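Below you'll find the structure, written out as C-alpha cells, and then a few comments.
2 protein chains.
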Amino acid sequence: MITVEEARALLFDLVRVLPSEDVPLTEAAGRVLARDVAATRDQPPFAASSMDGYAVKAAEVEMHAMFKVIGEAAAGHGFDGSVGAGQAVRIFTGAPVPDGADFVVIQEDVERRGNLITVKDDPGTKTNIRPAGVDFTKGTTIEAPRLLRAEDVALMAAMNIASVPVTRIPDIALISTGDELVMPGEDPGPNQIIASNTFGLKALLEGFGAHVRILPIARDTVSSLETAFSLAEGADMVVTIGGASVGDHDLVGQVAAGLGMERSFYKIRMRPGKPLMAGRMGDAAMVGLPGNPVSAMVCGYLFLAPMVRRMLGLEETLPPFRRARLAAPIDKNGPREHYMRAVLDDNGLRACADQDSSLLSVLARANALLVRPPEDPARDSGDEVLYLPL
Amino acid sequence: MITVEEARALLFDLVRVLPSEDVPLTEAAGRVLARDVAATRDQPPFAASSMDGYAVKAAEVEMHAMFKVIGEAAAGHGFDGSVGAGQAVRIFTGAPVPDGADFVVIQEDVERRGNLITVKDDPGTKTNIRPAGVDFTKGTTIEAPRLLRAEDVALMAAMNIASVPVTRIPDIALISTGDELVMPGEDPGPNQIIASNTFGLKALLEGFGAHVRILPIARDTVSSLETAFSLAEGADMVVTIGGASVGDHDLVGQVAAGLGMERSFYKIRMRPGKPLMAGRMGDAAMVGLPGNPVSAMVCGYLFLAPMVRRMLGLEETLPPFRRARLAAPIDKNGPREHYMRAVLDDNGLRACADQDSSLLSVLARANALLVRPPEDPARDSGDEVLYLPL
C-alpha cells in the first residue's frame, strides 16, 4: 500500500491545468486568474487632491498668507487654467490638482471671506496631493495564477480590466453506488439508507471552485454502472463512491476497467479511506472513494480538493495543514496515517471520542482533522500536532 | 464622533433577521439554517455490519469454531431468516445483521470450504456491528442558526431532509456616486477614474452570503441620486459610496434625508472610514461609505459584513479578529481607531509602508487589517496585536 503523499502525487498525474476563459469582472471573485493582466492606465491618472481645501503654490504657504480664489476643481471636473502667484483654486477630494499648484491647504486651516482665503492654522508640510500613478501605473500587472479575492476585483476594476481571463471551472461527476441507497426525499425500504456522500462532496468541492454534477445512483450491476459512467461523459473528473472495498459486491473497479480505465493505484495506508482507487478513463481522472460517509469526505479534503486546485492552476495545492496543541491526550497510532475527527477551541485540539468512519454526526460536530503519522506514539495534553481545519 | 463599537451597535439596530425560505438540499451549503431540523429516521436504521465477513452468535466465537453458511446479507439486501446455533450468514459492509446473530467474524479471520467456515485467526472481542441509531436517532436535531457546511449537508442528506429552511438571502443595492466615475470597460475622460468600489464590495459581501446589485453610477445632482435611490427599491440595505465627506459637493446625505432617511449617525472615530453615515430609509438600512477605495472596503469588512451576518440570523456577527505577533515595530497611534493594511506570514504581522486610503494595490497585497486602538503606544517586533484576516 502506498502513502497518502504518494497517492497525492499519483493523483496529480491524472489531472492537468484546465484551459482559460474570459468572464466579466462581476464573476471573477473566487475564480483563478489564468494569465497576467495589466493596468490599462495610471491610478490616479493625474495628481489628485487627497483632501478638501485650496490648491496653491507650496513656496507661498505660510501662516497668515493670503490667496485669491480664482476657480474650483472637483472630482470629475478639473480647473482649466493655471494657478499663479497669490492665487488659489478651491479643490475637493479626488479632483485633479490644477497646473501651477503643488500644495493643498486643507479647508480647516484657512478662513475664507468672499474670494480671499487666509491661512490661520499651521498647514504643515504634507502636500495633500497624491501623485499621478502612485497606486499603479499603466502596465502594472497582477500575476497569475492567483485565487481572486474581493480586493483583487476592486483593483482590476480600477485598472479598467472589465473582462478577466480565468481558468475554466472543473466539471466533476459524482456517482454513488449501491443497492442500499435512495435519494433524499424518497421513502427508503427496510434495508435502505439515504445517499449522503454525493451531497456532502458536492458542497465540499463547489466550495473549492468546482462545478459538481450528482448523477443517478448506480445499482450493483454492470449495466447500471455502465449507464452511470456514460452519463459522466465530458467530466474532467469522475468520482465513484462505494463499491471499492474488498467484498464480492465490488463491481466498480471491474466495470471501470472494462470501459478502459487505466488503474493508477488501489488502496492507501490511511484511516479512514484505505480502499481508495484511482486511474485515468479517457480524458477524465477517475477516483473511486470508499462508501463510508466520513471516509468519503476525508478523501474529499485530502485528495479531491487538491486535484481541483491543481486543475485550476493554483500553485499551492496541498491542504492548508496547521499546528495546534492537544487539549487531551491521545493513544498511539497504528501503521496507517490517521485523520481523526477533532474539535479545536480556545483550550486546544481534542479528538472526538468515537472515530468510526460511519458517523456523520461526529464529522458535523468536528471542525478539524487531527493528523497522526504512522506509528505516532501516544501524545499528551499540550503536545503540538498537525491538523487540517474543516 | 462615536467609536467603531458604538457604530456597529447602531448599525445592528437598523437591520433585522430576514424571514426563512425552503431550498433543496443541493443549494443549502453556505446558507444559514433558519430553524431546527430533525432526522426523520435512525441511522443506521438497523444493526449493520461494519466489515465484510460472517454473521454468527458471539457466544460461539472462538478459535477453530466451525459454522455452516446458510445465506447472504448484502447492503440493500438483508437475510430474511434467523441465524441459529452453528450457523453463519455471509455478510458485507453496511448490510443488516440478521436476526439471531450478534457478531461478525471478519473474512480475513476465517477459512471457507464450500458452505463451511472455520475460525483460523483470533477474532478478538470487537463485534464489527454498528448498532441501529448509533449515528443519530429519529428526532435528532441540527440546531439553528447555523452556517451550513458540506458536513452538515451530508448529515442532513443522511437524515432524509431533502428541503432545508434557510434565511432568505439579503438583497443589497450599491450606488457609487461622483461625476468622476465611469464603469469598467468604458473610456474615461481626462478627469475621470473607474468605479471600483462597487465591484470590490459586491465580491466581498457575496462572499458573506448576500446578493448584491450594482446600480448605475449616480452623478453629483439631486435628480441623479434620486433616480439611483428609486432603483434600490426592495433592497434590505442600500449602500452609497462617495459623497459622504465634508465638501460642498456632498449631496448624498441631503438627498437621502429628502427621501425620508432617518439618520442614525454620521462620522466615526476611525481610520480609514471616518465619514461613515447610516440611517433607516423606509424598510431598508441605509449606509453611506466614504469614497476612498480602501476606506470603502475596510468599512465593508467592519460594518457591512457583520450586518449581513445579522440579517442572516447568525449569532456570531463580529468580524473574526485574531492575535498575532508583530514582525516589525509600529509607531504610536493617534486618537482614532486605525485599521492598518498588513501582511501576515511565518515571520509575523507587518504593517504595509504606505497607509494612504486610496491605494488599492496595497490592499490587494495585504492579507490582514492590523487593529490599533485609539492612542495605542508604539509597539515593538514580537508584541502581540489584534488583526482581522482578509
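Protein chains in written order, with my numbering: chain R, 1 to 390; chain U, 1001 to 1390.
The beta-carbon is built from N, C-alpha and C at its ideal position, and this holds for glycine as well.
The model shown is predicted, which means the values in this text are computed figures rather than measured ones.
Considering only beta carbons, no part of the region 316–338 of chain R lies closer than 7 Å to chain U. The beta carbon of glycine 1053 of chain U lies closer than 7 Å to those of Ile1091, Val1104, Val1105, Ile1106, Gln1107 and Asn1128 in the same chain, with the five residues before and after it left out.
Under the Cβ criterion of 8 Å, asparagine 1128 of chain U is not counted among the residues facing chain R. Restricting attention to U/Pro1377, U/Thr1177, U/Val1083 and U/Arg1113, the CA atom closest to the CA of asparagine 1333 of chain U is found in U/Pro1377. Taken in chain order, the complete beta strand (DSSP E) segments of 3 or more residues contained in the region 324–360 of chain R are 337–345 and 348–351.
DSSP places glycine 1207 of chain U in the uninterrupted alpha helix (DSSP H) bounded by 1197–1207. When DSSP assignments are scanned along the region 1003–1064 of chain U, the uninterrupted stretches of beta strand (DSSP E) that are 3 or more residues long and fall wholly within it turn out to be 1020–1024 and 1053–1056. Comparing C-alpha distances from valine 371 of chain R to each of R/Ala351, R/Pro165, R/Ala285 and R/Leu14 shows the shortest one belongs to R/Ala351. Counting along the chain, the unbroken alpha helix (DSSP H) around methionine 156 of chain R starts and ends at 150–158. For the 8 Å CB-CB criterion, valine 1037 of chain U and methionine 1237 of chain U do not form a contact. Contact with chain R is found for phenylalanine 1199 of chain U, since one of that chain's Cβ atoms lies less than 8 Å from the residue's Cβ. DSSP links proline 1165 of chain U through a beta bridge to U/Asp1022. Close partners of lysine 1202 of chain U in chain R (Cβ separation under 9 Å): Thr26, Ala29, Ala150 and Val153. Using beta-carbon distances, glutamate 1180 of chain U counts as an interface residue toward chain R, with a partner under 8 Å.
Only buried fits glutamate 1151 of chain U, as 16 or more other CB atoms lie within 10 angstroms of its CB. Counting C-beta pairs closer than 8 Å gives three or more between the region 191–210 of chain R and the region 1147–1162 of chain U, which meets the contact rule.
The Cβ atoms of valine 1023 of chain U and arginine 1031 of chain U lie closer than 8 Å to each other. Rounded to whole angstroms, the separation of the alpha carbons of alanine 162 of chain R and aspartate 1187 of chain U is 11 Å. Along the length of the region 70–124 of chain R, whole beta strand (DSSP E) runs at least 3 residues long occupy 87–91, 103–106, 110–113 and 116–119, reported in chain order. A direct Cα-to-Cα measurement between threonine 1093 of chain U and aspartate 345 of chain R gives close to 35 Å.
Not flagged as an interface residue toward chain R: asparagine 1115 of chain U, since no C-beta distance is shorter than 8 Å. In terms of Cβ geometry, isoleucine 142 of chain R and leucine 174 of chain R do not form a close pair [threshold 8 Å]. Along the region 1200–1226 of chain U, going in chain order, the ones with a CB nearer than 8 Å to a CB of chain R are Gly1200, Leu1201, Lys1202, Ala1203, Leu1204, Glu1206, Gly1207, Ile1214 and Asp1220. Following the DSSP letters along the chain, one finds valine 385 of chain R inside the beta strand (DSSP E) bounded by residues 384–389.
Distance from the CA of serine 230 of chain R to the CA of glycine 178 of chain R, rounded to the nearest whole angstrom, comes to 17 Å. At a cut-off of 8 Å between beta-carbon atoms, aspartate 1042 of chain U makes no contact with chain R. Rounded to the nearest whole angstrom, the C-alpha separation of leucine 148 of chain R and isoleucine 70 of chain R is 46 Å. Under DSSP, tyrosine 1301 of chain U shares a beta bridge with no residue. In this structure, DSSP gives glutamate 1226 of chain U a helical state, which the three-state scheme calls helix. Per DSSP, valine 1255 of chain U lies in no beta strand (DSSP E) segment; the continuous alpha helix (DSSP H) that holds it begins and ends at 1252–1258.
In this structure, leucine 276 of chain R lies away from proline 293 of chain R, with their beta-carbon atoms at least 8 Å apart. Within the region 65–90 of chain R, those residues whose Cβ lies closer than 7 Å to any Cβ of chain U are, in chain order, Ala74, Ala75, Gly76, His77 and Gly78.
The alpha-carbon of valine 83 of chain R is positioned some 36 Å away from that of arginine 1341 of chain U. When C-alpha distances from leucine 225 of chain R are compared across R/Val212, R/Ile241 and R/Ala210, the shortest belongs to R/Ile241. Bridge partners of valine 182 of chain R according to DSSP: R/Ile194.
Following the DSSP letters along the chain, one finds aspartate 1171 of chain U inside the beta strand (DSSP E) bounded by residues 1171–1176.
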